[in-house]
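First residue of the sequence shown? That's 218 in the working numbering, and the numbers climb one at a time after it. Using N, Cα and C, we set each Cβ at its ideal position, and we do this for glycine too. Right, one structure below, let's go through it.
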Amino acid sequence: MKMFRTLAAACAVSLLALGAVQSHAQPAQAGKDSATTPDYVPHTGQAGKDVVWVPTQDALVQRMLDMAKVTKEDKLVDLGSGDGRTVIAAAKRGLTARGIEYNPDLVTLSQRNAAAEGVADRARFERGDIFESDFKEATVVTLFLLPELNLRLRPILLDMKPGTRVVSNTFTMDDWTPDETAVLAENCVNFCRAHFWVVPAKVGGTWRLGDGDLRLSQTFQMLEGTLTRAGKALPITEARMRGSEISFVADGRRYTGTVAEGRMSGRSEGAGQAQEWQATRGAN
Numbered sequence: 218m219k220m221f222r223t224l225a226a227a228c229a230v231s232l233l234a235l236g237a238v239q240s241h242a243q244p245a246q247a248g249k250d251s252a253t254t255p256d257y258v259p260h261t262g263q264a265g266k267d268v269v270w271v272p273t274q275d276a277l278v279q280r281m282l283d284m285a286k287v288t289k290e291d292k293l294v295d296l297g298s299g300d301g302r303t304v305i306a307a308a309k310r311g312l313t314a315r316g317i318e319y320n321p322d323l324v325t326l327s328q329r330n331a332a333a334e335g336v337a338d339r340a341r342f343e344r345g346d347i348f349e350s351d352f353k354e355a356t357v358v359t360l361f362l363l364p365e366l367n368l369r370l371r372p373i374l375l376d377m378k379p380g381t382r383v384v385s386n387t388f389t390m391d392d393w394t395p396d397e398t399a400v401l402a403e404n405c406v407n408f409c410r411a412h413f414w415v416v417p418a419k420v421g422g423t424w425r426l427g428d429g430d431l432r433l434s435q436t437f438q439m440l441e442g443t444l445t446r447a448g449k450a451l452p453i454t455e456a457r458m459r460g461s462e463i464s465f466v467a468d469g470r471r472y473t474g475t476v477a478e479g480r481m482s483g484r485s486e487g488a489g490q491a492q493e494w495q496a497t498r499g500a501n
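Take a look at the structure:
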């Protein structure tokens with residue numbers, strides 16, 4: 218409730234500073250306040266299922282898509298898609314994009330907006346509860362939700378395919394540290410920050426690396442551990458995941474590689490020499 222009140226208060230400030238903009242909420246009454254009429258315009262700060270809704274500013278939408286380095290091959294899903302602006306912006310870049318929104322009026326409005334922008338063939342909207350919806354096909358997930366909702370989503374996101382990109386307007390994932398954070402420095406009053414994560418492959422445990430054992434402890438994308446050879450355990454440093462990519466330093470060599478189906482492979486460099494390396498998952 219505290220975060221709900223915080224966001225609601227910020228909405229009021231936004232309204233005073235920016236004027237009325239589009240919004241997201243509980244189903245509206247029929248008539249001019251319903252998307253069944255062509256002049257329907259929702260209002261910033263109106264209550265929704267789990268949170269009041271404030272639209273992501275267009276400049277931040279573009280920054281979020283840039284942070285995710287989206288391409289036409291990506292499939293984007295926006296959780297709590299509101300008036301559809303993020304999905305439509307992605308579709309304009311050639312992506313296949315889908316919005317999940319609880320408010321049926323906003324779903325209708327989004328469909329109308331996508332048709333007006335000429336991207337209805339690539340921008341799809343559906344009414345649904347984000348916690349009951351299946352979006353595992355996404356390679357990019359965008360959201361503007363409160364921290365407690367992000368935390369409820371976090372285990373779902375972490376179970377998605379390694380390399381899936383997640384971008385959140387303003388709010389973080391608690392102790393899952395963002396891989397990148399960007400702030401709009403100009404033409405932005407409130408909610409000007411975006412956080413970006415890449416879903417890491419799960420690599421915790423023991424791996425057989427050449428004649429040694431690589432033991433990894435994983436906290437989200439960050440790794441700790443040792444490389445043991447000839448009975449000597451050497452600590453690894455600078456160790457992390459970025460999707461299915463792994464990097465760490467051990468015994469004076471920098472290891473980089475990729476993880477897939479219980480195997481790691483890549484290159485290590487040190488003392489002026491480079492060599493290939495492979496590791497297989499062992500008994501944990």
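Taking 4 residues as the shortest admissible run, the region 382-417 contains no complete alpha helix (DSSP H) segment at all. Every unbroken stretch of the beta strand (DSSP E) spanning 3 or more residues and falling wholly within the region 269-307 is given here in chain order: 292-296. Beyond the five residues adjoining it in sequence on each side, S434 comes within less than 8 Å, by CB distance, of G421, L440, E441 and G442 in the same chain, given in chain order. Within the region 448-491, the beta strand (DSSP E) runs of at least 3 residues that lie entirely inside it are, in chain order, 449-452, 454-459, 462-467, 470-477 and 480-487. Pairing A314 with V278 gives a Cβ-Cβ distance that is not under 8 Å. Counting along the chain, no alpha helix (DSSP H) covers R339, and no H or E run does either. Annotation for R432: T423, G442 and T443 place their beta carbon closer than 6 Å to its own, counting only its chain and skipping 5 residues before and after. In the DSSP assignment, the residues bridged to A314 are L293 and A340. G483 sits away from G469, with the two beta carbons spaced by 8 Å or more.
Exposed is the label assigned to P452, since fewer than 16 other Cβ atoms lie within 10 Å of its Cβ.
DSSP, read as helix, strand or coil, puts L362 in coil.
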